[in-house]
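Asks:
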Amino acid sequence: MKLSVNIDHIATIRQARMANEPDPVYAAALAEMGGADGITIHLRQDRRHIQERDVEILRRVIKSKLNMEMAVSMDMVKIALKYKPDMCTLVPEAKDEVTTSGGLDVIMFTEKIQEVAGNLLAAGISVSLFIDPGIDNIKACHRLGIRTIELNTGEYAKNSGSNYARLELEKLKKAVTYAKKLNFALLAGHGLTYQNIKPIAAITEIEELNIGHSIIANAAFLGLKEAVARMKEMLN
Ligand code: PXP
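Per the numbering used here: the sequence shown ends with 236, consecutive numbering throughout.
1. Which runs of the beta strand (DSSP E) spanning at least 3 residues fall entirely within the segment 99-134, listed in chain order?
2. If contacts are defined as beta-carbon pairs under 8 Å, then residue 186 and residue 151 qualify, I think. What distance do you get, rounded to the angstrom?
3. Does the separation of the CB atoms of residue 73 and residue 37 fall below 8 Å?
4. Confirm the yes/no value for this check: CB of residue 176, any heavy atom of the ligand PXP, distance under 7 Å.
5. So, are the CB atoms of residue 250 and residue 127 less than 8 Å apart?
6. Assuming residue 103 contacts residue 137 under a Cβ cut-off of 8 Å, what Cβ separation, rounded to an integer in Å, is found between them?
7. How far does the alpha helix (DSSP H) with residue 177 in it reach, from first residue to last?
8. Is any heavy atom of the ligand PXP found at a distance shorter than 7 Å from the C-beta of residue 214?
9. The ligand PXP heavy atoms versus the CB of residue 192: any closer than 7 Å?
10. Drop a sphere of 10 angstroms on the beta-carbon of residue 18, count the other beta-carbons inside from all chains shown, and report buried for 16 or more, exposed for fewer.
11. In the DSSP assignment, the alpha helix (DSSP H) including residue 238 goes from what residue to what residue?
12. Below 8 Å between beta carbons: does that hold for residue 115 and residue 83?
13. Residue 150: beta carbon under 7 Å from a heavy atom of the ligand PXP?
14. Pull up the distance between the alpha-carbon of residue 96 and that of residue 153, whole angstroms please.
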């Protein structure tokens, strides 16, 4: 299973002081040395962590795949077309949220998603939609002609160890089976840690996990290369 490492929090530390360190570009290099198959960044509209400068440099220097998470907005499309990440993951974005707080409502925002995804795909950029693991959401993605989805593991992860988490895991597995029948490329992520990763890593249909917070948190003690290598080992 592949691992894309989200390095937003390196930029969060930098922006806490409006300084020029730590640099997410260095973080990307170390993550790749630790075995990352991709680098994920979320260029938020409020620019609270990743800046356009990071997208520009990362696009030029990383050896693996660059996945840019972005809001469903034509302003963001302009930026994506300028820097051409390998993939854009469309996520819901709310001003006051601490982190992405749920999957996209694909049914409610069908037209907007179609416009944004259409422009990205036409420019040769892959598109993934971050969705909660519901069958209706998957059907809506299929109707839109989307080929890649990232299933939100957040509910499973934040309740891990509980009965609720077991139900969420079953929901994820059902969503995976359904999506696989429709030939989706399947990704997953949110809230995953060394402690809760195992049952998710055991779902072999998932091609790639997208993990940020826990890896960066552990990097403070272990170093980033080692923190990534440990997670990568647990995926296989
Ligand atoms: N996937 C998406 C769409 C996200 O927005 C995030 C958080 O930025 C992640 C995965 C990674 O979540 P975490 O930082 O909790 O590992």
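Ideal placement from N, C-alpha and C gives every residue a C-beta, glycine not left out.
The structure displayed is predicted, hence computed values, not measured ones.
Replies: Reading off the structure:
1. List check, beta strand (DSSP E) in window: 126-131.
2. Confirmed, Cβ separation roughly 7 Å.
3. Remark: C-beta atoms of residue 73 and residue 37 do not approach each other more closely than 8 Å.
4. No; taking the cut-off as 7 Å, the Cβ of residue 176 has no heavy atom of the ligand PXP nearer than that.
5. Outside the shown range of the chain (1 to 236) lies residue 250, about which nothing can therefore be said.
6. Yes, residue 103 and residue 137 are in contact; Cβ-Cβ is about 7 Å, under 8 Å.
7. Secondary structure note for residue 177: its alpha helix (DSSP H) is the uninterrupted segment 163-181.
8. True, at least one ligand heavy atom lies under 7 Å from that Cβ.
9. Yes, the ligand PXP has a heavy atom inside 7 Å of this Cβ.
10. By the 10 Å Cβ count, residue 18 comes out exposed.
11. The structure shown has nothing for residue 238, since the chain only spans 1 to 236.
12. For residue 115 and residue 83, no; Cβs fall outside 8 Å.
13. For the ligand PXP, a non-hydrogen atom lies closer than 7 Å to the CB of residue 150.
14. Taking the straight line joining both Cα atoms gives about 21 Å.
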